[in-house]
Each structure stands twice: as C-alpha cells, then as structure tokens.
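In UniProt numbering, the protein residues as written are 1 to 386. Cβ atoms here follow ideal geometry from the backbone N, Cα and C, with glycine treated the same way. None of these values were measured; they are calculated from a predicted model. Below is one structure, written out as structure tokens; the observations come after it.
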Amino acid sequence: MYFYFMFYYFMYFYFMYYYFMYLYFMYDYFMYLYFMYYYFMYLYFMYYYVMYFYFIYFYFMYFYFMYFYFMFYYFMYFYFMYYYFMYLYFMYYYFMYFYFIHFYFILRSLLKQLEEKEVNFEEIKNNLDITASLLEAVYLDGTRQTLESEEDLLQSEDVPTEVTDWLSSTFTQKIRPTRKTDEKHKFRSIVHAVQAGIFVERMFRRSFTIALPEQPPDIVAHLRDVDRWSFDVFSLNVASADHALRSLFCELIARYDLNNRFKIPLSCLTELLGAVERGYSKHRNPYHNQLHAADVTQTLHCLLLRSGLVHWLSELEVMSCLFAAAIHDFEHTGTTNNFHIHTHSELALIYNDRSVQESHHLSAAFRLLQNDKLNIFIHLTRDEWM
C-alpha cells in the first residue's frame with residue numbers, strides 16, 4: 001500500500017508538473033501571438049500613417065508647384081499684353097503725330113498759296129478733304145471712347161430693364177459707319193467737326209465750376225460734380241436752402257454760355273426760377289417737387305454730355321432741353337391723369353381728358369413767360385421762338 005500510494009503520489013506530481021508546464025507554455029505561446037498581432041498592427045498603422053502624410057505632402061507640393069507655374073505664366077501673359085498694348089498705344093500716337101505734322105504742312109502750304117495768289121482749286125479741295133477727314137476721325141474717336149466708357153453704367157442691376165433698354169437705344173447708338181475710301185467728304189463733315197471742336201473748347205476751357213456771381217461758395221463746391229452720374233442733388237438742396245433747381249439751372253445756363261447767346265436778363269432768370277419753384281410747391285407734392293426737377297435737369301445734362309449728343313445739338317436745342325427738364329412737372333397735383341378724368345376735375349375739363357397733367361405743366365409754364373419780367377426768351381427772334 002505504501003508503494004502504491006507513493007506511486008500515485010509521484011504520478012500526481014509528475015502530472016501536475018507537466019500540466020503546469022503545459023499551461024506555462026500555452027500562456028507564453030498566446031502572449032507571443034498577442035504581442036506579434038499588435039506589433040504587426042502597429043507596423044500596419046505606421047505604414048499607412050506615413051503613406052498618408054507622404055501623399056499629403058506630395059499633394060500639396062504638386063498644387064504648390066502648379067500654383068506658381070500658372071501664376072508665372074499668368075503674370076507673363078499680362079506682362080506681354082501690357083507691353084503689347086503699350087506698343088499699340090505708342091504706334092497709334094506715333095502715327096497720329098506724323099499725321100498731324102502732315103496736316104500742319106498741308107495747311108501751311110495752302111496758306112502760302114493763298115498769300116502768293118497761286119491758288120490751285122483742285123489742290124485746295126484735296127487738302128480740305130484731308131482736313132475734314134482728320135478732324136472728323138479725331139472727334140469720332142473721342143466720342144466713341146466716351147460712349148464705350150458709359151456703356152458699363154447702363155448694365156447696373158439697380159436700373160430697371162425698361163430704362164436700360166431705352167437709354168441704350170436712344171443714347172448709346174454707334175456713330176454712323178465710317179465712309180468708304182472712295183466716297184467724297186461732304187462739307188457738312190467739316191462743319192460738324194469744327195462745330196464739335198468749338199463746343200468742346202467752350203465746355204471745357206476751364207477746369208473749375210463756372211458759377212454765376214451770386215452763387216455762395218458752398219453751392220459752388222457742390223456744383224463741381226454736376227457732370228457726374230453720382231451728383232448728389234440732395235446735398236445741393238441742403239446747401240442752397242431748398243433752392244436746388246434755381247442753383248442748378250443757373251449753373252448749366254452759365255456752363256453752356258446760353259445767357260450770353262440768348263441775352264437772358266439775370267433778373268428775368270431769377271424771377272422765373274423763383275416762380276417755377278413756387279409752382280412746384282403749390283400742391284405740396286412730396287415727390288414731383290423742385291428737387292425732382294433739379295435731379296431730372298442734371299440727369300439730362302449728363303446724358304447730353306456723356307453721350308456726345310451735346311456736340312450735335314444747336315445752342316437753341318440745348319436751351320430747349322434744359323428748360324423742358326426744369327418745367328416738366330410744373331404745378332403737379334400729385335395725382336394721376338386717370339384720377340383727374342374720373343373725378344371730372346377742372347384740369348380734366350380744360351384739357352378734354354387728354355394728357356391732363358402734361359398739358360397743364362406746359363401751359364402753366366408758358367403762362368409765366370407771358371410776363372415780360374419772367375420771360376427769359378424775350379430776345380429770341382421769331383424764327384427761334386417758333
């Protein structure tokens with residue numbers, strides 16, 4: 001029994017020994033696998049991590065390179081275009097210079113022939129043709145540049161489509177097509193060119209505002225921008241103590257030198273403008289008042305000036321345009337024509353329901369001119385008046 005017991009006892013320890021050795025081995029084995037798994041996972045992660053930053057690095061390096069690549073050629077393009085247009089600009093004025101030199105010697109030669117009484121009428125005719133073509137080309141080029149610079153102003157989203165279309169069709173039409181080379185220059189071209197030159201010289205011979213003597217300095221400062229679309233008529237109205245129409249109309253009359261051309265008495269002009277302003281405030285109209293009339297008059301001046309139409313209108317036509325703008329809503333009642341018609345108002349009965357307000361504006365304004373103290377057109381000839 002003793003040996004039997006000892007046998008099983010040692011067998012038990014033997015078994016336990018190998019059992020624990022097995023467990024120990026399996027533990028080390030699984031720990032090894034566990035370690036290797038996370039080790040390779042770490043290497044896997046680090047590989048893609050490095051690859052990710054590697055890709056990001058070369059991605060940005062690519063766009064960085066492409067950015068400077070395109071910027072280089074972009075600036076090179078503008079650099080080339082700059083010198084290209086500078087070349088064209090230089091060549092234009094280079095040829096214009098020799099053109100004017102040629103024009104100068106033609107006139108000198110013509111003058112010498114006239115002084116020596118050796119007049120060749122065929123040569124005079126050719127020289128006048130060249131002179132007319134030069135003056136007309138210079139004028140049309142300047143007018144066309146003005147028109148092109150103003151076309152962008154008509155594209156503003158703030159301007160209604162109907163107004164934009166009307167302005168474009170009325171005031172930005174292209175200058176008449178260039179004559180064919182074999183077409184003879186008409187004397188009318190010379191007249192137009194010379195007339196344009198006189199008008200431009202008269203309009204811009206001073207760089208400051210031409211104001212009547214009684215205009216205060218504050219008003220003169222506001223009137224310096226009267227040629228601009230951005231002219232602030234409200235500021236002028238404040239500076240002139242609610243006499244924007246009077247100040248603006250006097251300014252434009254002086255700018256176009258219409259007071260000297262038509263011999264307008266200063267007292268008549270002042271009295272008439274005062275009466276017109278009182279007529280605009282007769283019905284206390286919050287919109288169709290003297291401020292609105294001043295705004296329309298200044299806008300008309302800009303249209304005539306910026307479109308180049310002023311160079312093709314006579315002084316009488318310019319005067320008519322300004323006067324029409326100033327009195328276009330004179331004594332406006334603040335109601336519509338339909339209101340007058342349906343209420344059988346006095347004005348509707350007078351004008352037989354036809355353009356009631358417009359007829360009254362014109363009639364009331366010309367009624368003022370029946371007074372010699374208010375008639376600024378008193379020195380017009382019968383033909384001019386008609």
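In the three-state scheme derived from DSSP, where H, G and I count as helix and E and B as strand, R354 is classed as coil. For the pair L374 and L368, the CB atoms are nearer than the 7 Å cut-off. Of all C-beta pairs linking the region 320-330 to the region 263-282, three or more are shorter than 8 Å, placing the two stretches in contact.
N237 and A254 have their C-alpha atoms roughly 19 Å apart. According to the DSSP assignment, E384 belongs to the alpha helix (DSSP H) that extends over 382-385.
With fewer than 16 other CB atoms across the displayed protein chains lying within 10 angstroms of its CB, Y12 is exposed. Of the candidates Y22, I264, D383, Q298, Q298 places its Cα closest to the Cα of F249.
Collapsing the DSSP output to three states places F339 in a helix. Collapsing the DSSP output to three states places Q215 in coil. Sequence-distant partners of Y256 (beyond 5 residues in either direction) whose C-beta falls short of 6 Å from its own C-beta, in its chain, are V318. In this structure, DSSP gives T270 a helical state, which the three-state scheme calls helix. Between the beta-carbon of I264 and that of A239 there is about 24 Å, and that puts the pair past the 8 Å contact cut.
The alpha helix (DSSP H) runs lying completely inside the region 60-114 and spanning 4 residues or more number zero. Comparing alpha-carbon positions, the option among L322, Q290, Y287, Y48 lying closest to L304 turns out to be L322.
Around the beta carbon of E115, fewer than 16 other beta carbons lie within 10 angstroms, which makes this residue exposed. Pairing F98 with H311, the inter-Cα distance amounts to about 27 Å. Here I253 carries a helix assignment [DSSP, helix/strand/coil]. Shown here, M1 sits in coil according to DSSP, grouped into three states, outside any helix or strand.
Look at the region 13-68 and you find no whole run of beta strand (DSSP E) that is 3 residues long or longer.
Annotated three-state conformation of D295 is helix, per DSSP.
For L258, the uninterrupted alpha helix (DSSP H) segment begins and ends at 258-261. DSSP places H301 in the helix class (H, G or I) of the three-state scheme. With a beta-carbon spacing of about 11 Å, L272 and I378 fall beyond the 8 Å limit used to define contacts.
Rounded to the nearest angstrom, the Cβ distance from L245 to E315 is 21 Å, too far for a contact under 8 Å.
Judged by DSSP secondary structure, L322 falls within the alpha helix (DSSP H) whose first and last residues are 315-327.
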